[in-house]
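Chains A and C supply the protein sequences, listed in that same order. The first sequence begins at 1 in this note's numbering and counts up one residue at a time. The second sequence begins at 389 in this note's numbering and counts up one residue at a time. Using N, Cα and C, we set each Cβ at its ideal position, and we do this for glycine too.
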Amino acid sequence: MAEQNKQVSRRDFLKGAAMGAAGGSLLAMGLYSYSPQRKRHFAGIERKMADIGVCKSIKVTNISETSWFENAVLMGDIKGAGGLLVNQYDYNWPPFGNGEGLGKGSYEAGMAKIKHLLPDRLDEAWEIIHANSVNPDNAGGYAALIELEELDGTKRKFLLDTGWSYKWTEECFKREGIDQMLANGEIEALFISHEHFDHYWGLPVTLKYAPDIPLYIPKGFYEEGLQYIKDCGHTGEVTVVEPGLNKVIPGFATYVFDIPIICRVYGEQSMYFNVKDKGLVSVTGCCHQGIIRFAETAYAEIQYENDNLHGIYGGLHISPFDDWDPKYDDLVISLKDYGFERIGCNHCTGIFCAKKFIAAGYPVVKGSARFRSKDQAYLGNGDTIAFG
Amino acid sequence: MNLNDLCKSDVASEPVMAVQELLRGLVVRTNLVPGVRHVLGWRGVKDASHGAEAWTMRIDGRRGVYGLVFDVMVEDGPWRRGLFNLCYFPHPEEELVEQVCVEASLVTARSGYVAEVRDFAVHEHLLDLFNIGTLELALHTGGQAVSVRLESVTRQQVTATHGVTLEQDGQALTLVPPGGLDQDFPAWAVSLDLLRVLAASLSFNLQRPPTALTSAEQPGWVRAYDRDGGMREDETPDNPQRQLSLVYGLDAGPPAAGWQLREDGDGEFADEAWWSAHRIGDFKAVDKHALGIDERPQLIVVTGFLGSGKTTFLQNFIDHMNRNNRFVAVIQNEVGEVGLDGGLLDHDYAVTEIDEGCICCTLVGNVKAALGQIMGEFHPDYIVLETTGLANPLNLLDELAEVAEMVRFDSVTTLVDGANLAASLTHTTVARDQIRAADVVLLNKADLLDDTELGAVQEVIAGINGVAPIVPTIRGDINPALLYGEETATPAMIGAEHGPDHRHDHFHTCKLTFDEPLPAARLERALDHMPAAVFRVKGVVRLAERSQPQVVQYVAGRYELSEHPNGEDAEADYLVCIGRDLDQGELAQLFDRD
Chain A
1 MAEQNKQVSR RDFLKGAAMG AAGGSLLAMG LYSYSPQRKR HFAGIERKMA
51 DIGVCKSIKV TNISETSWFE NAVLMGDIKG AGGLLVNQYD YNWPPFGNGE
101 GLGKGSYEAG MAKIKHLLPD RLDEAWEIIH ANSVNPDNAG GYAALIELEE
151 LDGTKRKFLL DTGWSYKWTE ECFKREGIDQ MLANGEIEAL FISHEHFDHY
201 WGLPVTLKYA PDIPLYIPKG FYEEGLQYIK DCGHTGEVTV VEPGLNKVIP
251 GFATYVFDIP IICRVYGEQS MYFNVKDKGL VSVTGCCHQG IIRFAETAYA
301 EIQYENDNLH GIYGGLHISP FDDWDPKYDD LVISLKDYGF ERIGCNHCTG
351 IFCAKKFIAA GYPVVKGSAR FRSKDQAYLG NGDTIAFG
Chain C
389 MNLNDLCKSD VASEPVMAVQ ELLRGLVVRT NLVPGVRHVL GWRGVKDASH
439 GAEAWTMRID GRRGVYGLVF DVMVEDGPWR RGLFNLCYFP HPEEELVEQV
489 CVEASLVTAR SGYVAEVRDF AVHEHLLDLF NIGTLELALH TGGQAVSVRL
539 ESVTRQQVTA THGVTLEQDG QALTLVPPGG LDQDFPAWAV SLDLLRVLAA
589 SLSFNLQRPP TALTSAEQPG WVRAYDRDGG MREDETPDNP QRQLSLVYGL
639 DAGPPAAGWQ LREDGDGEFA DEAWWSAHRI GDFKAVDKHA LGIDERPQLI
689 VVTGFLGSGK TTFLQNFIDH MNRNNRFVAV IQNEVGEVGL DGGLLDHDYA
739 VTEIDEGCIC CTLVGNVKAA LGQIMGEFHP DYIVLETTGL ANPLNLLDEL
789 AEVAEMVRFD SVTTLVDGAN LAASLTHTTV ARDQIRAADV VLLNKADLLD
839 DTELGAVQEV IAGINGVAPI VPTIRGDINP ALLYGEETAT PAMIGAEHGP
889 DHRHDHFHTC KLTFDEPLPA ARLERALDHM PAAVFRVKGV VRLAERSQPQ
939 VVQYVAGRYE LSEHPNGEDA EADYLVCIGR DLDQGELAQL FDRD
């Protein structure tokens with residue numbers, strides 16, 4: 001061995017070493033490693049295991065997932081109005097049209113034209129709205145009916161979101177019999193996932209049939225959104241759900257994620273159901289918080305059957321950000337990590353993406369592509385999916 | 389001050405939640421808008437939270453990955469300070485690997501390194517080895533005031549008294565000589581780069597610049613250890629700990645106990661972006677171009693023979709773009725493919741929809757006019773020009789020169805049917821031209837070929853186009869971010885190996901290399917005087933005046949320089965020229981003198 005040891009750069013050394021996954025024997029050689037100057041609290045992953053109770057099954061009926069009909073038109077509107085941070089109430093979209101054109105609207109001006117007609121005279125309101133808004137026929141909406149079966153067999157009904165276009169939402173409600181269920185008091189509450197136009201602005205349609213229905217909104221609504229509740233003629237109780245876990249009835253909890261969303265919206269409320277012998281079922285509006293946060297939160301916060309993520313339904317807008325490593329920015333790979341056993345996706349998931357899930361053999365429950373839903377890869381309008 | 393869009397928790401009653409919500413709001417809201425996040429310096433984020441708020445991110449000018457994870461909340465009078473552990477995970481090939489401790493550098497070479505980094509907050513050893521400082525976000529209980537503060541030692545220095553020697557193949561290799569530095573990491577400089585991005589983002593979101601800046605220091609430390617595990621720590625003023633605070637909404641208070649104000653605290657940071665980033669705030673009014681936001685859509689040309697899988701590739705592309713809130717316009721340049729009724733047109737294009745995620749148009753008139761109309765009506769972020777059927781893309785490239793001020797020309801992507809290439813090359817000359825024009829070739833249907841066949845096809849392609857990288861794909865499935873950057877060219881686009889001159893039908897590519905950095909004026913003069921026969925030049929060069937290599941993109945008389953995303957580590961000092969009847973000597977001479 002030479003007296004003068006050869007000095008090499010680390011990267012050259014590492015290229016010659018077979019580091020593999022564990023780093024081989026080198027890391028076992030007791031190289032000095034030192035912690036920084038301050039002792040840190042290392043949390044690792046702590047699971048809170050909150051008990052949200054258990055239910056027997058849930059069934060989701062897709063009232064509408066077609067939030068709008070032409071994506072090109074919608075995105076053209078967003079960009080024309082100034083982009084993704086512009087206040088949604090300023091677009092001059094229905095129902096807040098003041099006739100001034102794209103990007104020149106306001107809640108007050110739009111509402112002034114229709115307030116006197118809400119929530120009972122929606123046809124008349126829509127005529128005014130149609131004449132004053134930008135691209136009114138492009139508006140659809142998102143809404144879903146959840147029927148929960150308790151352990152003793154009792155059935156309970158809840159509504160998630162309330163669409164956008166008054167005309168389209170009424171059509172869908174009538175098609176599925178939601179109007180009658182509301183009028184009969186069968187639906188116990190309306191949960192709003194987030195303040196977005198396509199999930200929330202159809203509120204008068206629900207209130208037309210059940211003006212006093214309990215309303216659960218996530219914390220984060222802006223002034224206009226809160227005012228809308230009153231202006232639409234809501235007479236019931238409003239619960240502003242704080243960020244975190246919110247237990248509703250055994251087997252059903254919602255979780256509010258406090259996070260900024262495009263078009264000047266804040267906060268999303270997602271639903272978690274603990275289905276006996278199956279596991280956790282998640283129902284989302286758009287999953288703006290991202291699938292990582294969504295699934296990690298379930299894992300960290302809630303105790304669920306068999307410690308199993310069983311199912312998911314909704315718009316899986318799974319990764320709103322540019323990942324710094326495109327190799328990992330792959331929806332099909334991410335979803336696999338969570339091991340869902342039953343998947344119903346639509347709305348903002350992306351049809352091509354849904355098809356890739358199917359091609360990859362994921363347990364996607366397909367739909368029937370009726371009532372303006374575009375493809376069977378989506379659990380479409382009028383389709384149902386049951387868990388448990 | 390617009391704090392309400394970033395954080396809605398009540399600071400006084402829920403400070404722990406509030407400070408974490410503030411980081412989350414800051415990262416998320418800024419990254420919602422592609423143009424904004426890019427100009428502020430973001431290059432991708434990934435949520436790494438498990439209980440405690442944690443994020444990983446990359447920024448412009450740094451090849452590695454930063455990590456921030458919530459540590460603890462501290463009450464300090466009316467302030468509630470959220471302390472976040474700041475880490476830097478070097479790219480395995482970057483220079484900074486030499487400056488972390490040896491144990492850390494070993495970790496960077498492990499095959500599981502990137503996966504662990506993506507989830508760093510649950511790997512305690514990563515926090516130990518790669519911590520470089522503390523980032524603090526604070527909220528004021530009295531009302532609307534926010535501050536961001538960075539604390540870090542100038543250099544993290546640890547001496548190995550007895551050196552570090554490791555064995556490889558029976559040979560003893562000295563990684564650190566006795567008494568040498570095991571760790572010599574420029575913690576302050578690396579931390580400061582991230583603070584710049586966060587502070588500029590804060591200014592943007594709050595729609596105001598900071599009201600106060602405090603730059604302070606106190607003596608730092610150096611350490612030494614010996615082979616028995618004994619460790620010494622010596623305080624030294626020569627390696628100070630530094631602290632930089634930016635307050636929004638209040639005047640600065642005195643520096644914290646133990647810290648002294650630095651001289652020239654203001655001067656050092658006079659030109660930082662955080663003083664002006666708030667001007668991006670009012671999107672409708674502001675001149676984005678002046679602020680460096682390039683709103684021109686990116687133009688990608690996609691070509692490929694029949695059956696190559698272009699449609700599937702485009703569907704994948706559009707789907708990916710939509711999920712990132714980007715809007716795509718696809719333009720086919722062949723009339724007749726779609727069966728148009730000429731009577732309905734008062735535009736230079738006709739719209740037919742391909743899919744839910746984009747608009748599809750067919751050119752019937754002038755390229756430039758059509759683009760202008762499409763952009764005015766739909767404001768796309770990306771324009772894909774799809775050459776259908778038997779169009780020769782080389783002809784199209786000449787036309788694109790006219791539209792350079794409207795769009796940012798990115799590249800030509802050619803899809804090749806790996807299973808049927810030979811047949812298409814035999815029957816037509818267009819297939820060959822499509823490959824020749826490519827900046828990147830997607831060798832599709834790679835699943836139908838075994839390794840030998842794959843290699844053979846790649847050789848055929850390389851024989852036609854020695855410059856373009858060849859990427860095997862299955863059903864056109866590839867993340868577009870790997871092919872198209874937000875800059876005008878990405879590392880993937882500038883091909884690795886460059887072949888010799890090609891002479892086929894007077895169409896050449898030739899490569900110029902440079903031994904030394906070029907003076908900027910000389911480069912620009914050469915590009916201004918490119919002969920007309922040269923319609924494309926692309927490459928990476930170092931300029932005498934700048935440390936960051938510049939990506940050069942030249943198309944038919946117009947060119948752009950931009951900083952290479954890999955920073956100083958980029959492969960540099962070459963230009964590839966594409967054109968007709970090129971004379972290598974003549975081109976090289978253009979760069980020889982000012």
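Where residue i falls, given that 16 or more other Cβ within 10 Å makes a residue buried
| i | result |
| --- | --- |
| leucine 151(A) | exposed |
| leucine 836(C) | exposed |
| leucine 733(C) | Bear in mind that the predicted position of leucine 733(C) carries a pLDDT of just 38, short of 50, making it too unreliable to give a figure here. |
| glutamine 408(C) | buried |
| histidine 347(A) | buried |
| isoleucine 45(A) | exposed |
| serine 368(A) | exposed |
| aspartate 12(A) | exposed |
| glutamate 875(C) | With a pLDDT of only 44 at glutamate 875(C), under 50, the local geometry of the prediction cannot be trusted, and the value read off the model is given with reservation. Burial call: buried. |
| asparagine 306(A) | exposed |
| threonine 349(A) | buried |
| glycine 727(C) | Legend: pLDDT at glycine 727(C) = 34, less than 50; position of this residue unreliable, no value from coordinates given. |
| lysine 230(A) | exposed |
Cross-chain neighbours of residue i in chain A, by beta carbon under 7 Å
| i | result |
| --- | --- |
| aspartate 435(C) | Gly290, Ile292, Arg293 |
| glycine 439(C) | Ala43, Ile45, Glu46, Ala300 |
| serine 950(C) | Within 7 Å Cβ-Cβ: nothing; serine 950(C) doesn't reach chain A, min ~18 Å. |
| histidine 767(C) | Gly76, Lys79, Gly80 |
| aspartate 707(C) | Gly350, Phe352, Cys353 |
| threonine 506(C) | Checking the sequence, you will find arginine at residue 506(C) rather than threonine. Chain A residues near arginine 506(C): Tyr328. |
| arginine 596(C) | Simply none; closest approach about 16 Å. |
| valine 859(C) | Simply none; closest approach about 12 Å. |
| glutamate 481(C) | Arg11 |
Chain-ordered chain A contacts of residue i [CB-CB under 8 Å]
| i | result |
| --- | --- |
| methionine 445(C) | Trp324 |
| glycine 455(C) | Those do not exist, as glycine 455(C) stays about 11 Å from chain A at its closest Cβ, beyond 8 Å. |
Per-residue contacts from residue i into chain C (C-beta, under 9 Å)
| i | result |
| --- | --- |
| aspartate 258(A) | Cys395, Lys396, Ser397, Met405, Glu409, Arg412, Gly413 |
| glutamate 296(A) | Asp435, Ser437, His438, Gly439 |
| histidine 317(A) | Arg711 |
Residue i vs residue j beta-carbon contact at 8 Å
| i | j | result |
| --- | --- | --- |
| lysine 698(C) | leucine 527(C) | no |
| valine 60(A) | alanine 144(A) | yes |
| leucine 831(C) | isoleucine 852(C) | no |
| isoleucine 213(A) | alanine 189(A) | yes |
| aspartate 570(C) | threonine 553(C) | no |
| valine 800(C) | aspartate 827(C) | yes |
| histidine 310(A) | leucine 280(A) | yes |
| serine 493(C) | leucine 538(C) | no |
CB-CB length for residue i against residue j, believed under 8 Å
| i | j | result |
| --- | --- | --- |
| glycine 285(A) | aspartate 161(A) | 6 Å |
| glycine 103(A) | tyrosine 89(A) | The pair is not a contact, with the Cβ atoms about 11 Å apart (cut-off 8 Å). |
| leucine 409(A) | valine 205(A) | As displayed, chain A neither begins before 1 nor continues past 388, which places residue 409(A) out of reach and without an answer. |
| histidine 550(C) | aspartate 614(C) | 6 Å |
| asparagine 390(C) | leucine 525(C) | No, asparagine 390(C) and leucine 525(C) are not in contact; Cβ-Cβ is about 16 Å, not under 8 Å. |
Proximity test, residue i beta-carbon vs the ligand FMN heavy atom, cut-off 7 Å
| i | result |
| --- | --- |
| tryptophan 647(C) | No copy of the ligand FMN occurs in the structure displayed, which carries no ligand at all. |
Cross-chain neighbours of residue i in chain B, by beta carbon under 7 Å
| i | result |
| --- | --- |
| serine 193(A) | Among the protein chains of the structure shown, namely A and C, there is no chain B. |
Q.
Three or more C-beta pairs under 8 Å: does that hold for the stretch 455–466 of chain C against the stretch 622–635 of chain C?
A. no
*the stretch 324–334 of chain A touching the stretch 416–436 of chain C, judged by at least three CB pairs closer than 8 Å*: Yes: the two stretches touch, three or more of their Cβ pairs being nearer than 8 Å.
- request: Determine contact between the stretch 52–66 of chain A and the stretch 272–292 of chain A, defined as no fewer than three beta-carbon pairs at a distance below 8 Å.
  value: yes
Check whether the stretch 415–433 of chain C and the stretch 584–595 of chain C touch, using three or more Cβ-Cβ pairs below 8 Å as the test. yes
Practice problem: Assess, as a yes-or-no matter, whether the stretch 838–846 of chain C is touched by the stretch 811–818 of chain C under the definition of 3 or more beta carbon pairs within less than 8 Å. | Solution: no
Any chance the stretch 633–640 of chain C sits against the stretch 701–717 of chain C, with 3 or more Cβ pairs inside 8 Å?
no
| query | Is the number of C-beta pairs between the stretch 296–312 of chain A and the stretch 334–344 of chain A that are closer than 8 Å three or more? | reply | yes
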